[in-house]
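I have placed the structure first, in the form of structure tokens, so that the comments after it can refer back to it.
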Amino acid sequence: MKFSLGAIQYYWPQQVVKNFYRQAAESAVDIVYLGETVCSKRRELKFTDWLQVAHELREAGKQVVLSTMTLLEAPSELRELRKYCDNGEFLVEANDVGAIRLLQDNQLPFVAGAAINCYNQHTLRQLMTMGMSRWVMPVELSRDWLQKLLQQPMVKDVRDCLEVEVFSFGHMPLAWSGRCFTARSENRAKDQCELCCIKYPEGRRVDSQEGQQVFVLNGIQTQSGTRYNLVNQLPSMQGLVDIVRLSPQLEGTFSWLEKFRQNQHGEQPQALEPNDSNGYWMALAGLVQTA
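Each residue of the sequence shown is one higher than the one before, counting from 1 in UniProt numbering.
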């Protein structure tokens with residue numbers, strides 16, 4: 001089983017990002033995803049900067065994957081997408097079907113991100129014929145669902161050609177919108193947001209009237225209010241999951257990476273924090289935390 005770091009979901013200052021990836025280079029992580037996937041206005045790092053980080057991580061022995069935007073809204077974003085797909089060096093994670101089309105036209109293998117709607121064996125097999133070599137399962141699906149899918153004849157026949165990756169740590173990305181929720185929370189128009197996301201390096205929490213944290217606002221992205229944490233479900237992934245993904249957090253990402261690595265076979269179970277959840281993997285409500 002390998003471990004990966006997904007692309008940073010939040011808007012962090014350039015130096016914070018670079019410091020994070022210096023730690024990643026020194027860590028035991030196997031795969032690192034790079035790039036802006038949420039909002040094209042977040043330009044602390046440009047494409048050339050991401051490539052520089054990618055080269056440094058590759059020299060440190062990491063597999064590097066460039067991640068594309070999830071919601072494309074302007075011609076300038078399509079031009080940026082082409083840069084990622086035409087990089088000529090690194091595997092690309094397609095988070096939008098537009099990226100899949102470009103990669104297919106260039107006959108390049110790709111990773112299908114969790115935002116791609118893939119819920120059955122027909123879609124999975126079709127994506128593989130288009131060049132998909134790794135599939136990140138949608139975050140709301142369960143172990144039982146994954147097990148049944150991989151047993152379907154259309155998938156079982158080509159399972160050796162497909163890597164399965166599961167989002168296992170972090171606030172789950174649930175939805176994207178043409179509106180910017182963070183700007184709206186400050187009574188700003190989206191076009192005059194003044195990049196206010198950078199003030200919220202862990203997003204803006206949204207509580208219910210009962211005081212329960214139900215969502216995290218992250219620009220145009222809505223995340224789960226609870227932090228998904230499957231550290232104690234790793235033994236149940238054996239034989240099903242090839243790569244376990246951790247989503248970067250401002251603090252504690254690499255200590256949790258070590259906890260995940262130490263508990264691959266259940267040797268060192270970890271105590272979850274009150275705001276952690278694991279319900280989706282257990283085929284329960286997403287907010288649930290269960291043993």
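Glycine residues also receive a C-beta, built at the ideal position from the N, C-alpha and C atoms.
Sequence-distant residues of its chain with Cβ nearer than 6 Å to residue i (five each side left out)
i, result
"Gly35", "Ala7, Trp50, Leu66, Ser67"
"Ile198", "Tyr11"
"Leu234", "Asn263, Gln264"
"Tyr21", "Val53"
"Val241", "Val164, Val166"
Simplified DSSP assignment, three categories, for residue i
i, result
"Asn232", "helix"
"Lys62", "coil"
"Asp144", "helix"
"Asp207", "strand"
"Gln262", "helix"
"Gln121", "helix"
"Thr48", "helix"
"Leu149", "helix"
"Glu251", "coil"
"Leu284", "coil"
"Ala54", "helix"
"Arg159", "helix"
"Met237", "helix"
"Leu127", "helix"
"Leu72", "coil"
Classification of residue i by the beta-carbon crowding that lies within 10 angstroms, buried from 16 upward
i, result
"Glu93", "buried"
"Gln223", "buried"
"Cys161", "exposed"
"Glu273", "exposed"
"Gln107", "exposed"
"Ser247", "buried"
"Gln14", "exposed"
"Ala283", "exposed"
"Pro75", "exposed"
"Asp86", "exposed"
Residues that residue i bridges to, as DSSP identifies them
i, result
"His171", "Arg227"
"Met132", "Phe110"
"Ile243", "Lys2, Glu165"
"Glu93", "Ser67, Val111"
"Thr222", "Ala175, Leu217"
"Asp276", "Arg227"
Boundaries (first-last residue) of the beta strand (DSSP E) holding residue i
i, result
"Leu5", "2-5"
"Val214", "213-218"
"Tyr200", "Tyr200 -> no beta strand (DSSP E), and no H or E assigned at all."
Continuous alpha helix (DSSP H) stretch holding residue i: start and end
i, result
"Arg101", "97-105"
"Tyr33", "Premise fails: Tyr33 lies in the beta strand (DSSP E), 31-34, not in any alpha helix (DSSP H)."
"Tyr21", "14-26"
"Val155", "153-156"
"Cys193", "Here Cys193 belongs to no alpha helix (DSSP H), and DSSP marks it neither H nor E."
"Ser76", "75-85"
"Thr182", "181-185"
Within-9 Å CB hit, residue i to chain C
i, result
"Glu73", "Of the chains in the structure shown, none is chain C; there is only one protein chain."
Beta-carbon contacts of residue i that lie in its chain and below 7 Å, excluding the five residues immediately before and after
i, result
"Ser27", "Phe254, Leu257"
"Gly286", "Glu140, Ser224, Ser277, Gly279, Tyr280"
"Gln151", "none"
Close beta carbons around residue i, own chain, < 8 Å, minus the five adjacent residues each side
i, result
"Gln213", "Arg205, Val206, Asp207, Gly225, Thr226, Asn275"
"Asp30", "Lys2, Phe3, Ser4, Lys62, Gln63, Ile243"
"Leu149", "Asn120, Gln121, Leu124, Val155"
"Val288", "Ser277, Asn278, Gly279, Met282"
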